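S.K.: Structure incoming, see below.
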Amino acid sequence: EKTYFVDNHEYTSLNNTYILLSSDPGDNASGVKDIVCKVDDLDEETYIAPIQLNDGGIHKIRYCAVDEAGNKEDWKEYIVTIDDSPPLINIEISDPKIEEGMISVKSDNTITVTTSDTVTGIMKTEYKIDEDEWRAYINPFNISDSGIHKLIVRSKDYVGNTNTRVLDINVDMTAPSTGLILGAPKY
């Protein structure tokens with residue numbers, strides 16, 4: 020999938036595989052017999068298939084080639100951080116609001132979205148209201164049309180992990196009304 024580099028350190032998602040290659044240096048070479056590898060604290064093994072890392076965090080891949088004569092090159096090392104967690108999304112709606120079942124607000128209530136991703140960071144955050152087009156989230160906004168609306172917020176980190184939050188919001192712009200009824204006269 021996606022790979023993201025910061026200060027020569029690789030961050031990637033769980034969907035990547037690592038392929039080790041070897042070459043024969045040429046003159047008087049006996050040929051490459053094997054590539055050996057070691058992932059994290061696992062035992063050394065002969066490389067036979069692409070390496071798949073199956074959990075998040077920092078991983079160390081060590082590898083080297085061995086030729087037919089038994090010569091072994093110095094170990095090489097590659098460090099990668101697997102980001103397997105989606106961004107966190109928090110949606111705050113200013114007061115006054117009613118949060119019994121569906122959230123009810125007025126048209127001037129402000130909606131603020133905050134997102135975080137502690138591994139690779141946030142690449143983009145977008146939102147849409149009902150069937151509108153997706154919009155980049157930059158500043159707080161409000162929903163000005165009366166009625167029940169579906170707010171959808173999605174966020175993506177730099178290696179492609181995504182998260183989506185959906186809220187149903189009732190925008191109530193109708194003021195209550197009162198009336199006066201003249202009762203029967205009292206003597």
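Residue numbers (the working numbering): 20 to 206. All C-beta atoms, glycine included, are put in the ideal place defined by N, C-alpha and C. Keep in mind that this is a model prediction, so the values were computed, not measured.
Please give me, in chain order, every unbroken run of the beta strand (DSSP E) with length at least 3 that falls completely inside the segment 75-117.
M.R.: 76-86, 95-101, 107-112
S.K.: Would you say the segment 79-93 touches the segment 48-63, given that touching needs at least three Cβ pairs under 8 angstroms?
M.R.: yes
S.K.: DSSP beta-bridge partners for Ser-174?
M.R.: Taking the first residue of the sequence shown as position 1, residue 174 is located at position 155. BP columns for Ser-174 point to Thr-144, Asn-182.
S.K.: Closer than 8 angstroms, CB to CB, is Arg-154 near chain D or not?
M.R.: The structure shown contains no chain D; it is built from a single protein chain.
S.K.: Note the first and the last residue of the continuous beta strand (DSSP E) segment covering Met-123.
M.R.: Position 104 of the sequence shown, counted from the first residue, corresponds to residue 123. Correcting the residue identity first, residue 123 is Ser in this sequence and not Met. It spans 122-124 - the beta strand (DSSP E) in which Ser-123 sits, taken as one unbroken run.
S.K.: Return yes when the Cβ of Asp-176 is within less than 8 angstroms of the Cβ of Ile-122, no when it is not.
M.R.: Walking along the sequence shown from the start, residue 122 turns up at place 103. Walking along the sequence shown from the start, residue 176 turns up at place 157. In this structure, Asp-176 does not lie closer than 8 angstroms to Ile-122 by Cβ.
S.K.: Given a threshold of 16 other Cβ atoms within 10 Å of its Cβ, counted over all protein chains shown, does Arg-154 qualify as buried or as exposed?
M.R.: Residue 154 sits at position 135 when you count from the first residue of the sequence shown. Label assigned to Arg-154: exposed.
S.K.: What does the alpha-carbon distance come out to for the pair Ile-112 and Thr-129?
M.R.: Position 93 of the sequence shown, counted from the start, is the residue given in the question as residue 112. Position 110 of the sequence shown, counted from the start, is the residue given in the question as residue 129. Between Ile-112 and Thr-129, the C-alpha separation is close to 6 angstroms.
S.K.: Are Ser-163 and Ser-126 closer than 8 angstroms when you measure CB to CB?
M.R.: Within the sequence shown, residue 163 is the residue found at index 144, counting from 1. Within the sequence shown, residue 126 is the residue found at index 107, counting from 1. The answer is yes: Cβ separation under 8 angstroms.
S.K.: Which partner residues does Val-132 have in the DSSP bridge list?
M.R.: Position 113 of the sequence shown, counted from the first residue, corresponds to residue 132. DSSP lists Ile-110 as partners of Val-132.
S.K.: Ordered along the chain, which non-local residues of its own chain (more than five positions away) have a Cβ less than 7 angstroms from that of Tyr-37?
M.R.: Taking the sequence shown and counting its residues from 1, the one referred to as residue 37 is at position 18. Within the same chain, Pro-69, Ile-70, Ile-80 come within 7 angstroms of Tyr-37 by CB-CB distance, once the 5 residues on both sides are set aside.
S.K.: Once you ignore the five residues that flank Ile-167 on each side, which residues in its own chain have a CB closer than 6 angstroms to its CB?
M.R.: Here residue 167 refers to the residue found at position 148 when the sequence shown is read from its first residue. Asn-189.
S.K.: Kindly list the residues whose CB is nearer than 8 angstroms to the CB of Ser-49, restricted to its own chain and excluding five residues on each side of it in sequence; keep chain order.
M.R.: Taking the first residue of the sequence shown as position 1, residue 49 is located at position 30. Taken in chain order, the residues that qualify are Asp-86, Glu-87, Ala-88, Asn-90.
S.K.: Could you please give the first and the last residue of the uninterrupted beta strand (DSSP E) stretch that includes Val-55?
M.R.: For this step, residue 55 is matched to residue 36 along the sequence shown. Counting along the chain, the beta strand (DSSP E) containing Val-55 begins and ends at 51-58.
S.K.: Hey, could you find the ends of the beta strand (DSSP E) Glu-63 is sitting in?
M.R.: Taking the first residue of the sequence shown as 1, we reach residue 63 at position 44. Unbroken run through Glu-63: none, as it is neither H nor E.
S.K.: Does the distance from the CB of Leu-170 to the CB of Ile-148 come in under 8 angstroms?
M.R.: To locate residue 170, count along the sequence shown from 1; it is residue 151. To locate residue 148, count along the sequence shown from 1; it is residue 129. Yes; because the gap between Cβ atoms is below 8 angstroms, this pair is in contact.
S.K.: Closest to Ala-283 by CA distance: which of Gly-179, Ser-165, Asn-180 is it?
M.R.: Absent from the structure is residue 283, since the part of the chain shown begins at 20 and ends at 206.
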